[in-house]
Amino acid sequence: MAKAIGLSRKIKLQWLNKAVDLLGENLTEEEYKAKMNEYLSFEIESPTVLRKTREILMRVWFYEDDADVAAIRKDALDLIKRYPDYDVVIHWCMLLAVYPVFVDLSRLMGRIAEFNDVITLSQLKQKLYDEWGERSTLYHSTDKIIATIKELGVITSDKPGNYTIVKRTVTRPNVVNFMVRVAMKVDGNSYYSFTDLNAFNVLYPFEYKVFKEELISWLLNQDQN
Numbered sequence: 002m003a004k005a006i007g008l009s010r011k012i013k014l015q016w017l018n019k020a021v022d023l024l025g026e027n028l029t030e031e032e033y034k035a036k037m038n039e040y041l042s043f044e045i046e047s048p049t050v051l052r053k054t055r056e057i058l059m060r061v062w063f064y065e066d067d068a069d070v071a072a073i074r075k076d077a078l079d080l081i082k083r084y085p086d087y088d089v090v091i092h093w094c095m096l097l098a099v100y101p102v103f104v105d106l107s108r109l110m111g112r113i114a115e116f117n118d119v120i121t122l123s124q125l126k127q128k129l130y131d132e133w134g135e136r137s138t139l140y141h142s143t144d145k146i147i148a149t150i151k152e153l154g155v156i157t158s159d160k161p162g163n164y165t166i167v168k169r170t171v172t173r174p175n176v177v178n179f180m181v182r183v184a185m186k187v188d189g190n191s192y193y194s195f196t197d198l199n200a201f202n203v204l205y206p207f208e209y210k211v212f213k214e215e216l217i218s219w220l221l222n223q224d225q226n
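For the sequence shown, position 77 (counting from the first letter as 1) is numbered 78 according to the numbering used here, and the numbering increases by one without interruption.
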């Protein structure tokens, strides 16, 4: 059975932040949808595009149909409230937690960036087709995901189809720990060296440093909770 893609529309940073802000109003699902529809309608005219965009945002920040995602989201909400300057990396981690296609594309971009300064769309699409199969929905969704990544400000393009990474530095230890936790979760391996923890391909736009003592302390606290 083909894997579901789901992430089929361009998502803007301000829309993700609005999705978080609305959570503070303790809205019902229908109330949340109505407010998000109203907000998005100023920029999106098509009802179909608006609905798809809203559902992506709600899957990331509202729906509670996955216990693992809900646990990650709980920590993400705490962090984004305390450190709003790190909204990009926190949203990034939530996209990783919710959308496998975002994980695979991020991993591919990270691998390519290890050897090339420029990442090309043709490279990404071919390698993603190898993993997901060549289908029209993936072809169009890849463009939308790349557009989302540009909206998050972690890549730039000097000409269509060519991308360079704009690195962001993360220095808050608890934000770094959160990043690493999500990366381990979506990567799925059972063992990581300390070097591995500082070099996840899915976190390629971010420069960070894991401190062993703080990570161990954080993991112990997670187990106790």
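Here a beta-carbon is modelled for each residue, glycine too, at the ideal position from N, C-alpha and C.
Given the structure is predicted, the values throughout are model-derived calculations rather than measurements.
What is the rounded straight-line gap between the Cα of Ser-107 and the Cα of Ala-200? When rounded, the distance between both Cα atoms is 13 Å.
Cβ atoms of Ser-42 and Leu-51: under 8 Å apart, would you say? With contacts defined by Cβ atoms closer than 8 Å, Leu-51 and Ser-42 form a contacting pair.
Assigned exposure category for Thr-143 - 16 Cβ within 10 Å defines buried: Its Cβ being crowded by 16 or more others within 10 Å, Thr-143 is buried.
Classify Tyr-164 as helix, strand or coil using the three-state DSSP reduction. Three-state DSSP puts Tyr-164 in a strand.
Can you give the Cα-Cα distance for Thr-1 and Lys-75, rounded to whole angstroms? This structure leaves residue 1 out entirely; the chain is present only between 2 and 226.
On a CA-only basis, which of Leu-198, Arg-169, Ser-191, Val-183 is nearest Pro-206? Give me that one, please. Among Leu-198, Arg-169, Ser-191, Val-183, the Cα nearest to that of Pro-206 belongs to Arg-169.
Are three or more beta carbon pairs between the segment 83-90 and the segment 118-129 nearer than 8 Å? Touching, no.
Range covered by the alpha helix (DSSP H) that runs through Tyr-33: From DSSP, the alpha helix (DSSP H) with Tyr-33 extends over 30-41.
Let's test the definition: count the other Cβ atoms within 10 Å of the Cβ of Phe-103 and tell me whether it reaches 16, buried, or not, exposed. Phe-103 should be labelled buried.
For Asp-159, the three-state DSSP class (helix, strand or coil): Strand.
Going by DSSP, which residues form a beta bridge with Phe-207? Beta-bridge partners assigned by DSSP to Phe-207: Arg-169.
CA-to-CA distance, Glu-39 to Tyr-164, given in whole angstroms: Each residue's alpha carbon lies about 33 Å from the other.
Go to Ile-81, then tell me how far its alpha helix (DSSP H) extends in each direction, as first and last residue. Residue range 68-83 is occupied by the alpha helix (DSSP H) that includes Ile-81.
Which of the three DSSP states, helix, strand or coil, is assigned to Ile-146? Residue state, collapsed to three classes: helix.
Specify the secondary structure class of Ile-57 as computed by DSSP and reduced to three states. The three-state secondary structure of Ile-57, taken from DSSP, is helix.
Based on DSSP bridge pairs, tell me the residues matched to Thr-49. According to DSSP, residue pairing for Thr-49 in a beta bridge does not occur.
For Tyr-209, is the classification buried or exposed, using 16 other Cβ atoms within 10 angstroms of its Cβ as the cut-off for buried? Counting every other CB atom within 10 Å of its CB across the protein chains shown gives Tyr-209 a total of 16 or more, marking it as buried.
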